[in-house]
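Student: For the record, the sequence lines run as chains S and H.
Residue numbers for the first sequence follow our numbering, so the first one is 34 and each next one is one higher.
Residue numbers for the second sequence follow our numbering, so the first one is 11 and each next one is one higher.
Just so it is clear, CB atoms sit at the ideal spot from N, CA and C, and this is done for glycine as well.
None of these values were measured; they are calculated from a predicted model.
Sending over a structure as structure tokens; questions will come in a sec.
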Amino acid sequence: TQLLEQSPQFLSIQEGENLTVYCNSSSVFSSLQWYRQEPGEGPVLLVTVVTGGEVKKLKRLTFQFGDARKDSSLHITAAQPGDTGLYLCAGVGAGNNRKLIWGLGTSLAVNP
Amino acid sequence: NAGVTQTPKFRILKIGQSMTLQCTQDMNHNYMYWYRQDPGMGLKLIYYSVGAGITDKGEVPNGYNVSRSTTEDFPLRLELAAPSQTSVYFCASAIVGGYTFGSGTRLTVV
């Protein structure tokens with residue numbers, strides 16, 4: 034069974050701080066996706082990483098896919114209150130009808 | 011472009027009642043999914059569909075049914091509602107590269 038473990042589970046920081054969220058597995062994924070979910074809404078896709086070692090930047094967010102395609106990280110620089118939300122990683126296995134393997138998420142609170 | 015639309019937004023059901031959660035997408039995506047999300051438990055796949063006329067069970071299908079008569083619509087049917095079905099339900103559609111989610115239905119069974 035493929036599993037994705039996210040850490041930390043909860044994170045509360047002050048505005049302006051940096052943070053990193055991790056997504057780890059013992060399985061290889063063909064690609065990995067990151068989503069952000071705000072209260073009362075569905076998850077919204079932030080990025081998809083496909084190539085081992087790939088780094089993608091989205092403004093203050095930096096996403097990295099591990100060389101072996103088993104893990105990923107999300108780094109936020111100078112966090113802002115608008116970054117508050119649940120961050121979810123999801124992996125795409127091989128040939129599984131695009132079903133995703135989901136982590137449980139990291140709940141981030143950025144305090145003004 | 012509305013994306014994925016779910017109705018209703020909220021619903022309270024009594025034990026034993028039935029209901030249908032509606033999901034419509036206007037992006038012509040073949041792949042559609044139903045999830046439930048419970049606190050601390052993550053997203054659990056209920057049913058999915060790879061195209062009109064084709065559906066398959068996910069991780070937690072018991073107590074639910076789906077149909078996919080058109081590309082656009084993927085309704086989820088709850089028969090004989092139970093308190094264990096209290097949850098937030100999300101519908102999603104997908105192409106290569108990522109999912110688009112609806113805004114969810116919060117269901118309470120009392």
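(1) How is Gln-47 of chain H classed by DSSP in three states: helix, strand or coil?
(2) Can you tell me where the beta strand (DSSP E) holding Lys-67 of chain H begins and where it ends?
(3) For Glu-82 of chain H, which residues does DSSP report across the bridge?
(4) Among all the DSSP beta bridges, which residues are the ones paired with Ser-28 of chain H?
(5) Measure from the alpha carbon of Trp-135 of chain S to the alpha carbon of each residue in S:Cys-122, S:Gly-75 and S:Gln-113, then state which is nearest.
(6) Excluding the 5 residues flanking Asn-75 of chain H on each side, which residues of the same chain have their C-beta closer than 6 Å to its C-beta?
(7) Answer with yes or no whether the minimum CB distance from Tyr-99 of chain H to chain S is below 7 Å.
(8) Is Gln-47 of chain S buried or exposed, if buried means 16 or more other CB atoms sit within 10 Å of its CB?
(9) Please confirm whether Phe-84 of chain H has its beta-carbon closer than 7 Å to some beta-carbon of chain S.
(10) Can you pull the chain S residues whose beta carbon is under 7 Å from the beta carbon of Gly-108 of chain H, in chain order?
(11) Kindly indicate if chain S contains any beta-carbon less than 7 Å away from that of Leu-53 of chain H.
(12) Does any residue of chain H have a CB that is nearer than 7 Å to the CB of Leu-137 of chain S?
(13) For Gly-75 of chain S, would you say it is in contact with chain H, using Cβ-to-Cβ distances shorter than 7 Å as the test?
(14) Taking the alpha-carbon positions, what's the Ile-64 of chain H to Gly-49 of chain S distance?
Tutor: A quick look at the data gives this:
(1) Counting from 1 along the second sequence, the entry for residue 47 of chain H is found at position 37. Gln-47 of chain H: strand per DSSP, three-state reduction.
(2) As a first step, residue 67 of chain H is located in the second sequence; it is residue number 57 there, counting from the start. Counting along the chain, the beta strand (DSSP E) containing Lys-67 of chain H begins and ends at 64-67.
(3) Along the second sequence, one-based indexing puts residue 82 of chain H at 72. DSSP, once it has assigned bridges, lists no residue as partnering Glu-82 of chain H.
(4) Reading the second sequence from its first residue, position 18 is the one you call residue 28 of chain H. Partner(s): none; Ser-28 of chain H has no beta bridge.
(5) Stepping through the first sequence from its first residue, residue 135 of chain S is reached at position 102. Comparing Cα positions, the closest option is S:Cys-122.
(6) Here the question's residue 75 of chain H lines up with position 65 in the second sequence. Same-chain partners within the cutoff: Arg-87.
(7) Here residue 99 of chain H refers to the residue found at position 89 of the second sequence. Chain S, which has no Cβ nearer than 7 Å to the Cβ of Tyr-99 of chain H, makes this no.
(8) Numbered from its first residue, the first sequence carries residue 47 of chain S at position 14. The residue is exposed, with fewer than 16 neighbouring Cβ atoms inside 10 Å.
(9) Position 74 of the second sequence, counted from the first residue, corresponds to residue 84 of chain H. Not closer than 7 Å to any Cβ of chain S, the Cβ of Phe-84 of chain H fails to qualify, so no.
(10) Here residue 108 of chain H is taken as the residue at index 98 of the second sequence, counted from 1. Those are Gln-66, Leu-78 and Thr-81, listed as they occur along chain S.
(11) Within the second sequence, residue 53 of chain H is the residue found at index 43, counting from 1. By this cut-off, Leu-53 of chain H is an interface position.
(12) Numbered from 1 along the first sequence, position 104 holds the residue referred to as residue 137 of chain S. Yes, contact with chain H.
(13) Within the first sequence, residue 75 of chain S is the residue found at index 42, counting from 1. Chain H, which has a Cβ nearer than 7 Å to the Cβ of Gly-75 of chain S, makes this yes.
(14) Start at 1 with the first residue of the second sequence, and residue 64 of chain H comes out as number 54. Start at 1 with the first residue of the first sequence, and residue 49 of chain S comes out as number 16. If I take the Cα positions, the gap works out to 49 Å.
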